[in-house]
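**Q**
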Amino acid sequence: MGKNYLIWLDILGFERLAIDISKITSLTERKIRNDFINIIKNVIKEIEISGEIKGKNYGERDDWILIANSLDSVFKIISKVLNHNTQYKNYEKIPLEIVIGDGDFDEWAKFNGQNLVIENSAIKFLKTNIINYYHKWYKSNHNNRSPNSSYVLLTESVFHGLEPLDKNICEKIKIKYNIYNKEEIIFYIANINKIKERGKVLEFLELINQPGNKFYDRINELYIPPNEYDDIKKDLQNNQLIFITGTPGYGKTYTAVRLLWEYFIKGYYPIWREGTEESERKILRKNLEEIEKNLKPNRIIYFEDPFGKSRYESRESLERNIGIIIDIIQNIPNVYVIITSREEVFKAFEEEKLSLKQIKNFEKKLNIKKPSYNYYKRIQMLFRWATAKDCTWLTYDNLFHNISNILENKTKLPTPLSIRDFVISSRYITDEFKLLKKLEDKSIETSKSFAKEIENFTNDKLLFLTFFFICTGSLPYSFIKTEYEKFIKKLDIKDPWEFDRILNWFKDDKIVIIGDKIRFSHPSYFDALEHLLVKGKWPTRFNKEIFSKILVYFSEGYMAKKSFFSPFFDVLVFREWYIEWIFTKLPLSVRLELINNLIHKNALDYWDGYQWGTICSECLRKGEWINTFHDPFFNETICPRCGIVIRPSRHLSRTMN
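115 is the number of the first residue of the sequence shown in the numbering used here; add one for each residue after it.
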């Protein structure tokens with residue numbers, strides 16, 4: 115059967131408490147004591163029905179032993195037992211002495227009544243006599259006064275089994291019980307308010323159908339609010355509805371769950387309608403349309419991604435009735451609704467909706483452009499999650515310091531999701547090289563998620579972003595507008611949007627406009643290019659039909675015309691790292707055509723004295739590139755691939771193997 119947890123409950127000051135209350139009421143001491151026992155009995159009975167209690171023994175006086183099979187159950191039981199009301203004025207709560215122990219029970223163990231107290235583990239637990247030692251310690255630290263309010267004690271073995279954040283709410287107590295042999299007993303006292311809060315969180319998770327979910331079970335402790343959080347709370351309170359939109363992995367769901375939690379502790383009933391899978395989202399959209407069925411006072415409902423996950427999923431009746439849905443929500447007092455959506459999906463819904471209601475007035479954005487989480491919030495988030503997960507590397511100051519420095523780079527763990535994933539996957543890593551490799555892997559996963567979002571765009575949107583993928587920097591408004599309109603025709607893109615409409619679509623998240631210059635709002639968007647060009651070693655449709663064609667067009671047109679001031683001249687000629695990085699992602703025919711254009715269009719005649727590397731013509735013909743520069747102090751060099759002697763030239767050779 116294995117390990118189980120024992121909870122010993124006793125009414126503190128049972129005799130004295132009844133005497134005190136009887137003096138100010140007309141009730142007898144017997145009646146008061148009987149009431150107190152029945153109150154605790156009834157609470158335990160309710161918990162037993164829920165399945166948290168696996169067994170119990172009532173001591174026929176004012177004490178109980180309860181059995182639970184997990185620490186989560188222990189926290190929930192204690193939280194519920196403490197959450198009672200006697201209806202006696204000024205004595206609403208019965209003070210309880212609570213001790214948590216553990217023990218191993220075999221498969222024949224029985225947990226009810228007398229059968230429980232004859233088990234060896236139960237006998238050993240009862241003989242620890244922690245209560246008396248605690249009273250002794252308390253009196254020595256409180257002017258010989260006895261404890262008069264509820265407390266929770268833990269044996270040493272239970273403490274060592276706690277998660278790190280639960281250990282933080284405990285204080286160690288040492289008592290010498292044999293002054294001659296200097297023997298000590300060690301136990302712990304827990305912060306009772308934190309114990310109750312822990313139990314409330316676990317109760318909350320059950321209500322939103324997430325029992326045991328380790329992502330949300332510390333929502334009260336790990337959540338770092340984005341810069342917009344106060345505004346989100348204010349708008350939700352005032353409007354009864356909030357659309358939280360933004361970047362993939364940027365904490366929209368986590369923020370929604372945090373709001374559910376805050377309303378739950380204020381007395382609201384939380385409901386979470388999930389939309390992880392497409393089949394779930396179909397039901398979700400129907401539920402949103404029929405929301406009036408679930409709108410009752412003191413409820414808060416969260417709809418997760420009802421409009422689609424990475425692409426917009428249309429439902430005409432929802433597009434037509436969204437205005438009516440908002441009116442229904444606002445006409446019922448004390449109900450609140452949260453809806454999350456990726457920003458691109460929400461914009462598509464906003465474009466397609468038939469209602470005249472301005473839903474953008476109810477929107478709050480969490481995105482990487484602002485950013486909603488700056489460097490310091492990301493470091494704080496990293497530290498909290500690493501502490502909660504007991505990451506070994508956190509105990510090495512140099513490792514945490516190095517990671518903190520790396521996070522100054524905006525592309526490294528840029529989102530809350532990437533930080534959490536890194537922490538969980540690196541818990542036991544102490545080797546710096548492996549740790550930083552794991553950090554890089556999780557950062558790349560963010561750019562992959564951005565790529566997944568972008569690949570669902572229409573061709574006109576992909577064309578617009580392609581200019582920034584090629585340029586890697588800022589582009590003048592007039593230039594990008596001219597080129598966009600030109601390539602719409604060259605690539606024969608169907609039903610394209612006008613340039614200013616495209617610009618307006620992206621200006622709130624993926625691009626930033628400074629003066630007359632436009633660029634990506636965050637470097638992680640550029641990093642997505644690698645995952646947009648190749649899937650499983652094969653060039654994507656975007657690569658073949660848009661990206662490669664534009665590269666070739668620019669190499670033919672701008673280079674041939676010697677348009678020195680073209681922003682792409684600098685990229686295709688002088689940024690060898692870009693050519694080197696991008697070439698392996700292009701179809702072989704495109705590689706050959708691009709290199710041929712750069713070599714044979716005399717594009718580099720401007721630069722006398724610039725020593726370009728060398729290309730072996732035979733290797734060039736085969737599509738094999740060398741990765742070396744010609745040494746100006748020698749008159750010849752040798753192709754490292756085939757051994758052919760190559761005469762010096764001023765042709766471009768910085769290309770990829």
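Using N, Cα and C, we set each Cβ at its ideal position, and we do this for glycine too.
From a predicted model like this one, the values you see are computed outputs, not experimental measurements.
What three-state label does DSSP hand tyrosine 487 in the structure shown?
**A** Three-state result, tyrosine 487: coil.
**Q** Take phenylalanine 748 and list the residues in its own chain whose beta-carbon comes closer than 7 Å to its own, dropping the five residues that flank it on each side.
**A** The predicted position of phenylalanine 748 is uncertain, since its pLDDT is 36 and thus under 50; no value can be drawn from it.
**Q** How far does the beta strand (DSSP E) with alanine 642 in it extend, from its first residue to its last?
**A** Looking at the DSSP string, alanine 642 is not in any beta strand (DSSP E), and its letter there is neither H nor E.
**Q** Would you mind reading off the limits of the beta strand (DSSP E) that contains lysine 170?
**A** Where lysine 170 is concerned, the enclosing beta strand (DSSP E) stretches over 169 to 172.
**Q** Identify every residue that forms a DSSP beta bridge with serine 449.
**A** Looking at the sequence provided, one finds valine at residue 449 rather than serine. According to DSSP, which records beta bridges pairwise, valine 449 is partnered with Arg413.
**Q** Have a look at the DSSP bridge pairing and note the partners of isoleucine 179.
**A** Its beta-bridge partners are Trp122, Asn171.
**Q** Looking at aspartate 176 and isoleucine 125, is the spacing between their C-beta atoms short of 8 Å?
**A** Contact: yes.
**Q** Candidates Leu398, Phe421, Glu317, Ser486: which alpha carbon is nearest tryptophan 375's?
**A** Taking only the C-alpha atoms, the option nearest tryptophan 375 is Glu317.
**Q** Pick from Thr529, Glu559, Ile385: whose alpha carbon is nearest that of lysine 484?
**A** The shortest C-alpha separation from lysine 484 is found at Thr529.
**Q** Do serine 518 and the ligand NAP come close, with the Cβ less than 7 Å from some heavy atom?
**A** The ligand NAP is not among the ligands present in this structure, which contains no ligands whatsoever.
**Q** Please state whether the Cβ-Cβ distance between glutamate 457 and aspartate 623 is less than 8 Å.
**A** Yes; because the gap between Cβ atoms is below 8 Å, this pair is in contact.
**Q** Look at the alpha carbon of proline 637 and the alpha carbon of asparagine 519, and state the distance between them as a whole number of angstroms.
**A** Whole-angstrom Cα-Cα distance: 17 Å.
**Q** Grouping DSSP H, G and I as helix and E and B as strand, with all else coil, what is leucine 88?
**A** Outside the displayed range of the chain (115 to 771) lies residue 88, so it cannot be described from this structure.
**Q** Closest to lysine 651 by CA distance: which of Asp609, Leu702, Thr509, Ile358 is it?
**A** Looking at the Cα atoms, Leu702 is the closest of the given residues.
**Q** Out of Gln354, Asp349, Gly313, Asn199, which has the shortest C-alpha to C-alpha gap to asparagine 334?
**A** Considering only alpha carbons, the answer is Gly313.
**Q** Determine the direct distance from the alpha carbon of aspartate 186 to that of alanine 502, and round the result to whole angstroms.
**A** Cα to Cα, the separation comes out at about 16 Å.
**Q** Could you check the C-alpha separation between phenylalanine 564 and proline 362 for me, to the nearest Å?
**A** Spanning the two alpha carbons is a distance of roughly 7 Å.
**Q** Between Leu617, Ile289, Gly389, which lies nearest to asparagine 246 when the distance is taken from Cα to Cα?
**A** Comparing Cα positions, the closest option is Ile289.
**Q** Relative to the C-alpha of threonine 359, which candidate in Ile436, Ile452, Glu406 has its C-alpha closest?
**A** Minimum Cα distance to threonine 359 is reached at Ile452.
**Q** Between tyrosine 337 and isoleucine 385, how many whole angstroms is the CB-CB distance? I'm expecting something under 8 Å.
**A** Wrong, their Cβ atoms sit about 20 Å apart, outside the cutoff.
**Q** Rounded C-beta distance between leucine 700 and serine 669? I'm assuming under 8 Å.
**A** So it is not a contact: roughly 12 Å between Cβ atoms.
**Q** Can you tell me the Cα-Cα spacing of glutamate 298 and asparagine 183, whole angstroms?
**A** In a straight line, the C-alpha of glutamate 298 is about 29 Å away from that of asparagine 183.
**Q** Roughly how many angstroms separate the alpha carbons of proline 278 and aspartate 504, rounded to a whole number?
**A** Using only the alpha carbons, I get a separation of about 6 Å.
**Q** Going by beta carbon distance, what residues of the same chain come within less than 7 Å of phenylalanine 536, once the five residues before and after it are set aside?
**A** Cβ within range, chain order: Leu527, Lys552, Leu553, Lys556.
**Q** If arginine 434 and serine 469 are in contact, beta carbons under 8 Å, what's the gap, nearest whole angstrom?
**A** That pair is a contact at about 6 Å.
**Q** Which of the three DSSP states, helix, strand or coil, is assigned to proline 420?
**A** Coil at proline 420, not helix or strand.
**Q** Do leucine 579 and isoleucine 568 have their beta-carbon atoms positioned less than 8 Å apart in this structure?
**A** Going by C-beta atoms, isoleucine 568 is nearer than 8 Å to leucine 579.
**Q** In terms of residues, what are the limits of the beta strand (DSSP E) holding methionine 359?
**A** According to the sequence displayed, residue 359 carries threonine and not methionine. Unbroken beta strand (DSSP E) run through threonine 359: 355 to 360.
**Q** Output the distance between the C-alpha atoms of glutamate 143 and histidine 198, rounded to the nearest integer angstrom.
**A** For glutamate 143 and histidine 198, the distance between alpha carbons rounds to 20 Å.
**Q** Give me, in chain order, the residues of the same chain whose beta-carbon lies closer than 6 Å to that of serine 263; leave out the 5 immediate sequence neighbours on both sides.
**A** Correct list, in chain order: Pro209.
**Q** Quick check on the burial criterion: 16 or more other C-beta atoms within 10 angstroms. Buried or exposed for arginine 259?
**A** Label assigned to arginine 259: exposed.
**Q** Could you check the C-alpha separation between isoleucine 517 and asparagine 481 for me, to the nearest Å?
**A** The alpha-carbon atoms of isoleucine 517 and asparagine 481 are separated by roughly 23 Å.
**Q** Using DSSP's beta-bridge definition, name the partner residues of arginine 89.
**A** Because the chain here runs from 115 to 771, residue 89 falls outside it and cannot be looked at.
**Q** Compute the Euclidean distance between the alpha carbons of leucine 123 and lysine 190, then round it to the nearest angstrom.
**A** So the alpha carbons of these two residues sit roughly 14 Å apart.
**Q** Measure the C-alpha to C-alpha separation of aspartate 574 and serine 424 and round it to an integer number of angstroms.
**A** Distance between the alpha carbons of aspartate 574 and serine 424 is about 18 Å.
**Q** Classify glutamine 354: buried if its beta carbon has 16 or more other beta carbons within 10 angstroms, exposed otherwise.
**A** Classification for glutamine 354: buried.
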